[in-house]
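Residue numbers (the numbering used here): 11 to 222.
Written below as structure tokens is the structure these notes are about.
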Amino acid sequence: MSDIFNLEVSDNDARYHIERTHGCIIIRGSIPIVDLVALTNAAPDGAVMSTDLCRMANATMVYGLPADLQKLRETLAPAALKAARTMVKDSGLALDEACIEWLALGERGLSADTIFSRVTGLELMASRNREDSVPSDPSDLRRCMLLLESCQTVASGFTQTLKSHPQWQALVARWSELVAVFEQESPEWRDPNAKWSAPRTHALIKAITKRK
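Here is the structure:
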């Protein structure tokens, strides 16, 4: 069941829509900062925001309890898969089903999108003109690892393609080391709801990319 209602803020003509589905809150539109704070404070204990569900729902913000977010993901999956297949078809590229599923349902971020775009040739909005979008922390790295584990097509072309980009050369050269450290430090990294900490991985990323 979904409850949909609209809110309009007259002082700045901002309008947004709030939908409650499977216990999750889906917000579409421009949210004034005052309302954003109020909405965030009203979230139940344990609620988290999901950028992937924002993409799948074409929303500004989506949050809810992990179990409820999973139910929402299952509801949105068919439409997201259909949209991904249409995008790939319109591109003229021949991508396998694993790539399409990652586009639609995967845990995506700027670094992972960059890898996908460089290897497959499918330009994603997030990665456009951002060849420097290397992982900046373990969460970024994790999303890249999930991509490479999910899509063999991307994994097989990762090293050869990305090593030609200056910003990625150092990371690609030490990728196996980086992955090994992260897996040792956070063996539960595949679980999207796991609470993990990877300070050694973070320090290694900063050392390799020479970021402060």
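No residue lacks a Cβ here, since even glycine has one placed at the ideal position from N, Cα and C.
Quick caveat: nothing in here was measured; it's all calculated off a predicted structure.
Which listed residue (I43, R25, V44, T50) has its alpha carbon closest to that of I35 | T50
Compute the minimum distance between the beta carbon of S196 and the heavy atoms of the ligand NAP, and state whether it is under 8 Å.
-> Among the components modelled here there is no ligand, and therefore nothing to report on the ligand NAP.
Neighbourhood of L188 by C-beta, 8 Å cutoff - its chain only, sequence neighbours within 5 removed | L151, L181, T211, L214, I215, I218
Specify whether the segment 40-50 and the segment 88-101 touch according to this definition: at least 3 beta carbon pairs, one from each stretch, less than 8 Å apart.
-> no
Quick one: grab the DSSP three-state call for V191.
-> helix
Kindly indicate which residue of H27, G33, T31, H32 has the alpha-carbon position closest to the one of S40.
-> H27
Got a sec, what are the start and stop residues for the beta strand (DSSP E) I35 sits in?
-> 34-39
Under the rule that 16 or more other beta-carbon atoms within 10 Å means buried, what is F15, buried or exposed?
-> The pLDDT assigned to F15 is 47, lower than 50, so where the model puts this residue is not dependable, and the model offers no usable value.
Residue from H32, E84, A183, L75 with nearest C-alpha to G116 = E84
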